[in-house]
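Trainee: The opening residue of the sequence shown carries number 1 in the UniProt record's numbering; numbering runs sequentially from there.
Cβ coordinates follow ideal geometry from the N, Cα and C atoms, glycine included.
First, the structure itself, so that you have it in front of you.
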Amino acid sequence: LHNALDDMFCCYAIVNVPHRAFFVPRVPADKRIGPHTAEFCDIAVGLLLSDAHLEQHGKGVRLTFSQSIVHVQFFEQTAKNLQRLGYVNEKAYVPLQTTDSNGKVHYYLKCHTFVCASLSWLQDLFYVGNTKVVKPELEPFLTPRALAYWIAGDGAWDNHGLRLSTHNFKYDECIMLTQMLNRRFSLKCTVQAQKQSGTVCYRIYVVSKSMPHLRTLVTHYLDPSMHYKINNKNVIV
């Protein structure tokens with residue numbers, strides 16, 4: 001696995017300070033070549049395990065994520081973190097709207113990073129063609145901070161445990177994720193089947209006995225507006 005990682009991510013490195021070139025707009029994608037901070041990598045991995053996606057643009061790749069207007073605090077804090085790290089411009093985000101199949105209008109916020117050639121390692125890690133997948137090589141990139149962003153995007157308090165909505169991943173991929181969570185963090189998880197519009201999909205459930213440990217792992221990184229996802233009203237963190 002170590003050799004595979006070396007080969008797969010030869011253009012990737014983690015540093016502790018932001019790359020100056022990322023702060024400058026209108027830089028060609030092939031000039032934005034990293035290295036990337038550990039914080040950015042954690043944010044990107046956590047968001048991609050949730051609903052974020054990658055877009056190919058010319059010679060580079062950009063990360064795109066969106067949130068319902070209901071979660072504006074988490075969205076704005078994440079956008080500010082990406083701006084501080086040099087991946088997006090400082091700007092005010094205007095709510096966009098979409099209409100669901102029942103004709104109801106919903107409002108959301110969307111953020112794109114700069115297009116960077118050196119984000120291709122994320123595409124290799126998360127995609128086969130245009131399909132987002134889970135690969136064994138993901139495991140070293142699962143950190144407490146990445147887990148916090150994943151929970152913020154896809155987590156929900158459920159019967160004294162945590163539900164992660166992994167509906168876009170196959171059953172085997174969800175099993176792989178539960179095994180990673182157990183090896184990395186000693187979290188006990190199960191995979192639950194659920195029907196949506198006649199289609200069977202899967203979600204991960206972190207059992208109640210693992211919740212105290214999960215809180216110690218992610219509370220520091222989890223936006224305060226998202227603390228309700230790992231607590232009930234009787235729990236104080």
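When you compare each of Gly153, Gly58, His112, Ser66 to Gln83 by their alpha carbons, which one comes out closest?
Mentor: In the sequence shown, counting from the first residue as 1, residue 83 sits at position 83. Minimum Cα distance to Gln83 is reached at His112.
Trainee: Using only CA atoms, which one of Trp157, Lys80, Val134, His167 lies nearest to Lys195?
Mentor: Numbered from 1 along the sequence shown, position 195 holds the residue referred to as residue 195. Of the candidates Trp157, Lys80, Val134, His167, the one whose C-alpha sits nearest the C-alpha of Lys195 is His167.
Trainee: Beta-carbon within less than 6 Å of Phe40's beta-carbon, same chain only, minus the 5 sequence neighbours each way: which residues are those?
Mentor: For the purposes of this step, residue 40 is taken as the residue at position 40 of the sequence shown. Within the same chain, Phe40 has close Cβ partners Leu85.
Trainee: Could you work out which residue in Arg62, Cys189, Ser50, Ala152 is closest to Val133 when comparing CA atoms only?
Mentor: The sequence position of residue 133 within the sequence shown is 133, counting from 1. If we check each option's Cα against that of Val133, Ser50 comes out closest.
Trainee: Based on the DSSP output, what are the partners of Gln83 in its beta bridges?
Mentor: As a first step, residue 83 is located in the sequence shown; it is residue number 83 there, counting from the start. Paired residues: none, contrary to the question.
Trainee: Should Leu138 be flagged as near chain D, meaning a C-beta pair shorter than 8 Å?
Mentor: As a matter of chain content, chain D is missing from the structure shown, which is built from one protein chain.
Trainee: Quick check on this structure: which residue in His53, Lys110, Asn81 has the alpha carbon closest to the alpha carbon of Tyr221?
Mentor: Position 221 of the sequence shown, counted from the first residue, corresponds to residue 221. Considering only alpha carbons, the answer is Asn81.
Trainee: Around the C-beta of Leu142, are 16 or more other C-beta atoms found within 10 angstroms, so that it is buried, or is it exposed?
Mentor: Position 142 of the sequence shown, counted from the first residue, corresponds to residue 142. Buried.
Trainee: For a test of the three-state rule: what should DSSP assign to Leu96, helix, strand or coil?
Mentor: Taking the sequence shown and counting its residues from 1, one reaches residue 96 at position 96. In this structure, Leu96 counts as strand in the three-state DSSP scheme.
Trainee: Assign Ser197 to one of three DSSP states: helix, strand, or coil.
Mentor: Counted from its first residue, the sequence shown places residue 197 at position 197. In this structure, Ser197 counts as coil in the three-state DSSP scheme.
Trainee: Taking 8 Å as the threshold, find out whether the stretch 123-139 comes into contact with the stretch 172-181 through three or more Cβ pairs.
Mentor: Because the criterion of three Cβ pairs below 8 Å is met, the stretch 123-139 and the stretch 172-181 touch.
Trainee: Give me the residue from Tyr87, Gln192, Ile151, Ala52 with the minimum Cα distance to Asn231.
Mentor: As a position in the sequence shown, residue 231 is number 231, starting the count at 1. Minimum Cα distance to Asn231 is reached at Ile151.
Trainee: What did DSSP end up calling Asp223 once you bin it into helix, strand or coil?
Mentor: As a first step, residue 223 is located in the sequence shown; it is residue number 223 there, counting from the start. Coil at Asp223, not helix or strand.
Trainee: Which same chain residues end up closer than 8 Å to Val105 when comparing Cβ atoms and leaving out the 5 residues on each side of it in sequence?
Mentor: As a working note, residue 105 is residue 105 in the sequence shown. Cβ neighbours of Val105 beyond the five flanking positions: Gln97, Thr98, Thr99.
Trainee: Run through DSSP, which three-state label would Phe74 get?
Mentor: Along the sequence shown, one-based indexing puts residue 74 at 74. In this structure, Phe74 counts as helix in the three-state DSSP scheme.
Trainee: Who are the near neighbours of Ser225 in its chain, counting only those whose CB is closer than 6 Å to its CB and skipping five residues on each side?
Mentor: Residue mapping note: residue 225 aligns to position 225 of the sequence shown, counting from 1. Excluding positions up to five away in sequence, the list reads Gln73, Phe74.
Trainee: Have a look at Phe185, Thr199, Phe126 and flag the residue whose alpha-carbon is nearest the alpha-carbon of Glu173.
Mentor: If you number the sequence shown from 1, residue 173 lands on position 173. Here the closest residue by C-alpha is Phe126.
Trainee: What are the residues that DSSP puts in a beta bridge with Thr64?
Mentor: Counting from one through the sequence shown, the residue named residue 64 turns up at place 64. According to DSSP, which records beta bridges pairwise, Thr64 is partnered with His53, His112.
Trainee: Express the C-alpha separation of Tyr107 and Val70 in angstroms, rounding to a whole number.
Mentor: Stepping through the sequence shown from its first residue, residue 70 is reached at position 70. Stepping through the sequence shown from its first residue, residue 107 is reached at position 107. If I take the Cα positions, the gap works out to 8 Å.
Trainee: What are the boundary residues of the alpha helix (DSSP H) that residue 243 is part of?
Mentor: Given a span of 1 to 237 for the chain in the structure shown, any question on residue 243 remains unanswerable.
Trainee: Would you tell me roughly how many angstroms separate the C-alpha atoms of Phe65 and Lys110, rounded to the nearest one?
Mentor: Translated into the one-based positions of the sequence shown, residue 65 becomes position 65. Translated into the one-based positions of the sequence shown, residue 110 becomes position 110. So the two alpha carbons sit approximately 6 Å from each other.
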